[in-house]
Amino acid sequence: MDKANRKRWEEQFRQAELRQADFSSISGRELQPLYAAGDLGGFDPEAQLGYPGTYPFTRGVHPSMYRGKLWTMRQFSGMGTADQTNARYKFLLARGQTGLSVAFDNPTLYGRDSDHELSAGEVGRTGVAVDSLTDMERLFRDIPLEDISTSMTINAPAAWVFAMFLANAEKRGIPLAQLRGTLQNDILKEYIAQKEWIFPPEPHLRLITDLMAFSAEHVPSWNTISISGYHIREAGSTAGQELAFTLADGFAYVEHALRAGLDIDDFAPRLSFFFNSHMDFFEEVAKLRAARRIWARAMKDKYKAKSPRSWLCRFHVQTAGCSLTAQQPEVNIVRTALEALAGVLGGCQSLHTNSMDEALALPSEKAVEIALRTQQVIAYESGAANVIDPLGGAYYLEKLTDDLEREAEQYFARIDALGGVVPAIEKGFFQQEITRAAYQYQMAVSRKRKIVVGVNDFVNAEQRLEIPVLEIDESVERDQLRLLGDVRKRRDNAAVQARLAGLKTAAAGTENLMPRLLEAARVYATLGEISEALISVFGEYREKPIY
Amino acid sequence: MVQHKTKVIIAKPGLDGHDRGAKVVARALVEAGMEVVYLGLQQTPESIVRAALEEDADVIGLSILSGAHMTHFRRVRELMAKHRLEDRLLTGGGIIPTKDQDKLREFGVGRLFGPGDDIQDIVDYIRDWHSKHTR
Amino acid sequence: MISAVKKKGIGLKTKLPSSPATAGLWADFFQGSRLACARLITAVENRPELIPEIRHRLIPHLSGAVRVGITGPPGVGKSTVMAGLARRIIQDSHSLGIIAVDPSSPFTGGAFLGDRVRMQALDRDPRVFIRSMASREGHGGLSPAAPHAADILEAFGLDRILIETVGVGQVELDVLSCADLILLVLQPGTGDVIQSLKAGILEAADMILVNKADTAGTDSLLESLRFTFDISSRAAGTPPPPVLAASAVQDRGLDEVHRELEQRIRDILQSGRFHQKKRALLAKEITSSIREHLWGQFSALAKIREELPAVVERLARKRQSPYPYIRKVCSQVRIQYAKGRTSRGQSQ
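What follows is the structure, encoded as structure tokens:
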């Protein structure tokens, strides 16, 4: 009976006049006008969905999800000097933010001191400047690190920034075992997308595994790595590529740690993920559900992890910076709200909502407040948090989830054929896929096949494009340089030299480098000095430009 | 008769690693028949101008999203003058507030592009500039 | 430092008129201006009609720099190898010109020139001049202007010129004609690496380097290469080219490659092969220039260009031989020495 109904609808649809528009997803995925039970072909809810908190976790990582605990509202922020950022943290905590997330400036991200040649003009501009333990002390002054979880977005020098964070906790008498938080520490996606590396892949991977081993023993509540897809998506990839490349990176870290002799159930529970939430609403929800299912299956069946906590794909979501426009920036509030809702319906553990001007400049207080309120409206007014995985069972969504999983599996096969993630990086595979997707999207926008409101349609002709600026004035760089000079004068320089020499020797060998990094941090060795010491052993990496 | 193909240097000075825009522009220029020397990331103003000199480039395009545009554009312009390349076009894009764009124009920098600008506009701008300034 | 290297005097009198495009450049060029050097290279790329004049001015200043062509399939690591060799060549107190060629798109005519980036460590060294070129109409992965660019760099005072190309085309025509020595770079791979090379490229190489030697398949590739050369060299009675292995990205094995390269350079200088080649190129330059000139005059006189499309269409449609037409055209024009006459019925 249903077949006949379906045929009738198909016939009517065929005869209907359609809008002139591109009905594919933002990733270029062809979509049917309708999905019904018949489109799911052999869908087995037991195997494909299960229940929240049980394998394969498609419906969520915890049995109670948001009924038990809402996602953490964690707004990424940092600017200028450590004192200025400290003030911003206090502002946010007072307004209901439940976790801290540190954004560092470009020189810090690259492991360079504020007075390095390439740091000129960049100090404190896109995040907080951290040169030594002193900056950590100021950054977290009066903030109860034992009660609040802290996420630090740092990759190439993550190990020694973490060492400075731990040294600060020690000085304040906080037991390391009480510290909760996350380090991004995902070097593979740097080679693929964000481009913040120092050494070639192998030494970076060694530092990651060293940190994982150290943390498992001394800082057991810390998420040692946040395997990221956000940046891959920002670089222009499709949703399927974001999903596949992120999980492939995850598998690469698992394999590396196993080769280093770690036990999978010791480190896997502390792996976490970080996804983008972009404009194509349903594709994003499906992507996040597919991620959980793919990861669970791989960890259990392929890597034979025994603990269910090892099978969990827990993730943070940030709404898509690249979807925001400079034109009519207030409209970005709407975009962010939709993207945030997708993140919530996708079951994220924590969420950052972009401010309306965030793609252009560091957010003003007003803008960041609205972003936070967006999450609060979703949490308390929209009802989205009242029922677990509310979109589960929707035909379209389940089909999309299956399709994304299949697309990811295809990518995994191609990456394997290239020899794995690191060889694929060196062959430029990911970069080529991403650049092609970015170009195709840009051309689609240029030809108005994809509409961006306010940019290529619904344009306000009279509006003069203004980029609002949270002025980071040049005194920030001056102040930071002066502070750095003070640190270098007042510390025990002989001790610093001795610790750096010890670090170099250890780097040339195979011992775990974390204790050495901690020793260097304690005596106020600077970020750049530690980087230089390691560069002298590991060498520097230069990318082959892939087009 | 071989026409003079437009030679463009595309570079990102300083520490900003967001090269999606630079790559998309580079590709669009190549599709438009230009020869693009893609220098990529972590360039210094010195390395950029040295490349422009040896490559005899018509255009230098800088992509800067880190906020350090005043420093970098000004320094590149100074070095261009020093090496007698002031007749070449210095353009680029990124996150550059309008008032800074105005200041840079007084310095001899060409039109600058920002988020939401159509890549075709960038291609047309460079093509038009070159057809008016063939050496 | 470059300007201090051998100069043979400025202001050479020439019978060829100096075109306005290049007139202002020569004085600067011979005084060591990098801008003038760059602009002359642009001139040979964009204005091929200026090449005879430019060659004419440069030849007295050519110091005998050795040109090494570095070729091989895409992705083997040529640029990284070049960067490693370049560093060593500089350390040996040579000055170096590098021409890096990338393919032009046959559809759009544009080109993405991404090799320069790989050599950035050399960037600050004044003894190095790096120029990227698009292959343009070059069919063998080499730009037709590349040999002329090499002349310019040589006259500028650089004593080693490295030319990097993608060896996917007719090697004989391009790389051979331009380089004194050819280094072929390969990498171990799945399947038969040697079979997938273009015919002639293996025979043309003076040295073979298996790069990425830390990866699987190196030993079997080295063996296949040595086996191949063993047979062919015994047949030809000449010694086989050296086959080396290295990992450029780890900077291992390149000392030996460099030493071997310098040895081959000494060999071709001492054996006279270097000079023979210059003579052969000169002969070819003369014959092809004259041929160009004669064809130009002939085809204009006989109005061949205008009528050729229609002729071709008729012959193809009727499936007729072109030889009667060819004979007819040739018989209409008589070649004789100019003594007041350049052709039938017309005086000078």
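Protein chains in written order, with my numbering: chain A, 1 to 547; chain B, 1001 to 1135; chain C, 2001 to 2348.
Idealized CB from N, CA, C, for every residue including glycine.
This structure is a prediction, so every number in the text was calculated from the model and none was measured.
- In the DSSP assignment, Tyr-1038(B) falls within the unbroken beta strand (DSSP E) covering 1035-1043.
- Per DSSP, the unbroken beta strand (DSSP E) holding Leu-1062(B) starts and ends at 1059-1064.
- Where Asp-2251(C) is concerned, there is no enclosing beta strand (DSSP E), because DSSP gives it neither an H nor an E.
- Per DSSP, reduced to three states, the secondary structure at Met-1070(B) is helical.
- Listed in chain order, the non-local C-beta contacts of Lys-195(A) below 8 Å within the same chain comprise Glu-543, local neighbours out to five positions each way being set aside.
- Between Arg-314(A) and Val-102(A), the gap from beta carbon to beta carbon reaches 7 Å or more.
- The three-state secondary structure of Pro-515(A), taken from DSSP, is helix.
- The straight-line gap separating the alpha-carbon atoms of Gly-1067(B) and Leu-360(A) is approximately 9 Å.
- Less than 7 Å divides the Cβ of Val-2193(C) from the Cβ of Leu-2221(C).
- Not a single CB atom of chain C sits nearer than 7 Å to the CB of Asp-1117(B).
- In the structure shown, the three-state DSSP call for Asp-457(A) is strand.
- With the rule of 3 Cβ pairs closer than 8 Å, the stretch 2150-2164 of chain C counts as touching the stretch 2095-2112 of chain C.
- The beta carbons of Glu-1035(B) and Lys-1012(B) sit no closer together than 7 Å.
- Counting other Cβ atoms within 10 Å of its Cβ, Ser-382(A) stays below 16 and is therefore classed as exposed.
- For Lys-1103(B), the closest of Ala-1052(B), Arg-1077(B) and Gln-1042(B) by C-alpha to C-alpha distance is Arg-1077(B).
- When only Cα atoms are considered, Met-1080(B) and Gln-2031(C) end up about 20 Å apart.
- Three or more Cβ pairs closer than 8 Å define a contact, and the stretch 236-251 of chain A meets that threshold against the stretch 291-303 of chain A.
- For the stretch 1061-1083 of chain B, residues whose beta-carbon sits nearer than 8 Å to a beta-carbon of chain A comprise Ser-1066, Gly-1067, Ala-1068, Met-1070, Thr-1071 and His-1072.
- For Ile-2098(C), the enclosing beta strand (DSSP E) covers residues 2096-2102.
- The residues Ile-1064, Leu-1065 and Ser-1066, in chain order, have a CB closer than 7 Å to that of Asp-1016(B) in the same chain once the five nearest residues on each side in sequence are set aside.
- Contact note: Tyr-439(A) reaches chain B through Val-1024 and Arg-1027, using a C-beta cutoff of 7 Å and chain order.
- One Cα belongs to Ala-216(A), the other to Met-2082(C), and the distance between them is close to 45 Å.
- Cβ-Cβ distances below 7 Å link Val-285(A) to Ala-342, Leu-345, Gly-346, Leu-391 and Leu-397 in the same chain, with the five nearest sequence neighbours on each side left out; the list follows chain order.
- Counting along the chain, no beta strand (DSSP E) covers Lys-2212(C), and no H or E run does either.
- Between Ala-438(A) and Arg-1074(B), the C-beta spacing is not below 7 Å.
- Of the residues Pro-45(A), Glu-283(A), Leu-271(A) and Ser-64(A), the one whose Cα lies closest to the Cα of Ile-26(A) is Glu-283(A).
- By the neighbour-count criterion, in which a residue is buried when 16 or more other Cβ atoms sit within 10 angstroms of its Cβ, Thr-2238(C) is exposed.
- Here Phe-23(A) carries a coil assignment [DSSP, helix/strand/coil].
- Taking each of Ala-156(A), Glu-46(A) and Pro-144(A) in turn and checking the Cα distance to Gly-173(A), the smallest one comes out for Pro-144(A).
- Along the length of the stretch 479-530 of chain A, whole alpha helix (DSSP H) runs at least 4 residues long occupy 493-508 and 514-522, reported in chain order.
- DSSP places Val-2076(C) in the coil class of the three-state scheme, outside both helix and strand.
- With respect to the 7 Å criterion, Gln-184(A) and Asn-155(A) are classified as neighbours on the basis of their beta carbons.
- A straight line joining the alpha-carbon of Arg-2124(C) with that of Lys-399(A) spans about 56 Å.
- Between the stretch 2270-2285 of chain C and the stretch 2070-2087 of chain C, the count of Cβ pairs shorter than 8 Å is below three; the stretches do not touch.
- Counting other Cβ atoms within 10 Å of its Cβ, Ser-2233(C) stays below 16 and is therefore classed as exposed.
- Going by beta carbons, Arg-233(A) and Pro-269(A) fall outside the 7 Å limit.
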